[in-house]
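Novice: Read top to bottom, the protein sequences are chains A and B. Take 621 as the starting number for the first sequence in my numbering and just add one per residue. Take 291 as the starting number for the second sequence in my numbering and just add one per residue. Below is the structure I would like to discuss, written out as C-alpha cells.
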Amino acid sequence: ETGVTQSPTHLIKTRGQQVTLRCSSQSGHNTVSWYQQALGQGPQFIFQYYREEENGRGNFPPRFSGLQFPNYSSELNVNALELDDSALYLCASSSGQGGEQYFGPGTRLTVT
Amino acid sequence: GIQVEQSPPDLILQEGANSTLRCNFSDSVNNLQWFHQNPWGQLINLFYIPSGTKQNGRLSATTVATERYSLLYISSSQTTDSGVYFCAVAYSGAGSYQLTFGKGTKLSVIP
C-alpha cells in the first residue's frame, strides 16, 4: 500500500510569483486535506476536497486554491506569493470526510 | 471555532522515564488524533481515538470525550521518542471534519 506522497520536497519562489504543489492520496482514500504549518506552530487547515469538490475551507484568502482529480490526487495553487507564505505545506488523505487522516512528508516553501 | 490546548509545551526526560501529555478541547468532537512530528516534518500517526483507551507498544492514549480531554502516555522513553507531539480534533459542525491542531508538546529525551 502506497502512502501519501507530495512533490516537490523543497521550493524557493520570489514574492509575487505563483506556485503549484502536488499530492497523491493513499490508495483507497477519496478525501484530501491541505494544511499550512509555519515554523514553531501547529498545522492550520487550508481546505478539503471530497470527490473533486471543495468541502470546507479555513481562514485563507482566495489566492489559495486547489483541485482534486478523478484519481483523487490533488493540487494546491498559491498566487501572488507573500513572504508570510513561507511554510511547510502538508497534504493528508482519508477514507471519507471523517476518517483518520494520514499525512504526506510535506513541501517546504520559501518565499524570498 | 474549537480550541485545542496542549500541555506541557516543553518536556525534557531522561531516557527510561515515563511521561504524560495532555490535550484539552473546548467542544464535542467526532475525531481525535495524536501525531508525532519527526525532525524532517513528517507527521506520524500514533492514535485515532475519539473516545476510550488504546495501546501500541510503549505508547497508550485515553480520551474522555465527556470531559473534553485526551492523554498520551509514553513509558520507558527512548531518544528516538524526541520530537513534537500534536493532538488534533475534528468535528462535523465545521462541515468538513477539518483537523484543528494544538500547539504541540516538544519532547526531548536525553541519554
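Positions of the beta carbon are idealized from the N, C-alpha and C atoms, including for glycine. It should be emphasised that the depicted structure is a prediction, and the values quoted were computed from it without experimental measurement.
A:LEU703 by DSSP, collapsed to three states: which one?
Specialist: The residue you call residue 703 of chain A lines up with position 83 of the first sequence. If DSSP states are grouped into helix, strand and coil, A:LEU703 belongs with the helices.
Novice: Would you list the residues sitting across from B:PHE391 in a DSSP beta bridge?
Specialist: On the second sequence, residue 391 of chain B is found 101 positions in, with the first residue counted as 1. According to DSSP, which records beta bridges pairwise, B:PHE391 is partnered with B:ALA378.
Novice: According to DSSP, is B:THR352 part of a helix, a strand, or is it coil?
Specialist: Working through the second sequence from its first residue, we reach residue 352 of chain B at position 62. If DSSP states are grouped into helix, strand and coil, B:THR352 belongs with the strands.
Novice: Can you tell me the Cα-Cα spacing of A:GLN657 and A:GLY718, whole angstroms?
Specialist: Locating residue 657 of chain A in the first sequence gives position 37, counting from the first residue. Locating residue 718 of chain A in the first sequence gives position 98, counting from the first residue. About 21 angstroms.
Novice: Just to check my reading of the structure: A:TYR709 and A:LEU701 have Cβ atoms closer than 8 angstroms, yes? What is that Cβ distance to the nearest angstrom?
Specialist: Against the first sequence, residue 709 of chain A aligns to sequence position 89. Against the first sequence, residue 701 of chain A aligns to sequence position 81. Contact flag wrong, Cβ pair sits at about 12 angstroms.
Novice: Please list the residues of the stretch 716-728 of chain A that have a C-beta atom closer than 9 angstroms to any C-beta atom in chain B, keeping them in chain order.
Specialist: Here the close residues are GLY716, GLN717, GLY718, GLY719, GLU720, GLN721, TYR722, PHE723, GLY724, PRO725, GLY726 and ARG728.
Novice: Can you pull the chain A neighbours of B:PHE284, defined as C-beta to C-beta under 9 angstroms?
Specialist: Any answer about residue 284 of chain B is impossible in this case: the structure gives chain B only from 291 up to 401.
Novice: Just the chain A side, please: which residues come within less than 9 angstroms of B:SER382 by C-beta, in chain order?
Specialist: By 1-based counting over the second sequence, the position of residue 382 of chain B is 92. What B:SER382 touches in chain A: GLN717 and GLY718.
Novice: Flag this pair as yes or no: are the beta carbons of B:SER322 and B:TYR375 separated by less than 9 angstroms?
Specialist: On the second sequence, position 32 is the one that residue 322 of chain B refers to. On the second sequence, position 85 is the one that residue 375 of chain B refers to. Sequence inspection shows Leu at residue 322 of chain B; the Ser mentioned does not correspond to that position. No, they are not a contact pair.
Novice: Spatial neighbours of B:GLY394 within its chain, please: C-beta separation below 7 angstroms, excluding the five flanking residues on both sides.
Specialist: As a position in the second sequence, residue 394 of chain B is number 104, starting the count at 1. Same-chain partners within the cutoff: GLN296, VAL374, TYR375 and PHE376.
Novice: DSSP state of A:THR732, grouped into three classes?
Specialist: On the first sequence, position 112 is the one that residue 732 of chain A refers to. A:THR732 falls in the coil class under three-state DSSP.
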